[in-house]
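Heads up: the sequence shown begins at 12 in our numbering, then just goes up one per residue. A virtual CB, placed ideally from N, CA and C, is assigned to each residue, including glycine.
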Amino acid sequence: MVCPTPIIQGVTIEAPLPYVPVLKKKRPIPYASIPELDAEIDRLVSDGVISPVDHSEWAAPIVAVKKKNGQLCLCADFSTGLNNALQLHQQKLP
Numbered sequence: 012m013v014c015p016t017p018i019i020q021g022v023t024i025e026a027p028l029p030y031v032p033v034l035k036k037k038r039p040i041p042y043a044s045i046p047e048l049d050a051e052i053d054r055l056v057s058d059g060v061i062s063p064v065d066h067s068e069w070a071a072p073i074v075a076v077k078k079k080n081g082q083l084c085l086c087a088d089f090s091t092g093l094n095n096a097l098q099l100h101q102q103k104l105p
């Protein structure tokens, strides 16, 4: 399966200094879902959507949800720290 959304590389996220990186604990995943979760992560890596890293200052927990069609959907919960560190860009609406 090919990733349906375009991949944006070289994106920079602005955070006002000083910021403190946030590492959150992982959320529990049902043991029966682990093989399917591993397969989905491998697919995302092979499609270039995500890339493996040895170390990261930031870690957000993921939530694995089954869609109605049975596919696994992975969502990252950035409300646990990253959202609070981002610089707001507020624009007036026309």
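May I ask you to verify whether the region 87-98 touches the region 48-63, counting CB pairs closer than 8 Å and requiring at least 3? no
With DSSP run on the structure shown, which of helix, strand or coil describes Ala-71? Taking the first residue of the sequence shown as 1, we reach residue 71 at position 60. Here Ala-71 sits in coil by DSSP.
Answer yes or no: do Val-37 and Pro-63 have a C-beta to C-beta separation smaller than 7 Å? The residue given as residue 37 occupies position 26 in the sequence shown. The residue given as residue 63 occupies position 52 in the sequence shown. Just to set this straight, residue 37 is Lys in the shown sequence, not Val. No, the pair does not count as a contact, with Cβ atoms beyond the cut-off.
Pick helix, strand or coil for Val-56, following the three-state DSSP scheme. Position 45 of the sequence shown, counted from the first residue, corresponds to residue 56. Three-state DSSP puts Val-56 in a helix.
Which whole-angstrom value is the C-beta distance of Leu-34 and Leu-83, which I expect to be below 8 Å? Position 23 of the sequence shown, counted from the first residue, corresponds to residue 34. Position 72 of the sequence shown, counted from the first residue, corresponds to residue 83. Actually they are not in contact, since the Cβ atoms of Leu-34 and Leu-83 sit about 24 Å apart, beyond 8 Å.
Please report how far the alpha carbon of Leu-97 lies from the alpha carbon of Lys-79, in whole angstroms. Reading the sequence shown from its first residue, position 86 is the one you call residue 97. Reading the sequence shown from its first residue, position 68 is the one you call residue 79. Computed Cα separation, rounded: 33 Å.
Can you tell me whether Ala-87 is buried or exposed, with buried defined as 16 or more other CB within 10 angstroms of its CB? Reading the sequence shown from its first residue, position 76 is the one you call residue 87. Exposed: under 16 other Cβ atoms inside 10 Å.
For Glu-51 and Leu-104, which I take to be in contact (beta-carbon distance under 8 Å), what is that distance rounded to the nearest angstrom? Numbered from 1 along the sequence shown, position 40 holds the residue referred to as residue 51. Numbered from 1 along the sequence shown, position 93 holds the residue referred to as residue 104. Not really, about 37 Å apart at Cβ, beyond 8 Å.
Bridge partners of Val-76, per DSSP? The residue you call residue 76 lines up with position 65 of the sequence shown. Beta-bridge pairing links Val-76 to Cys-84.
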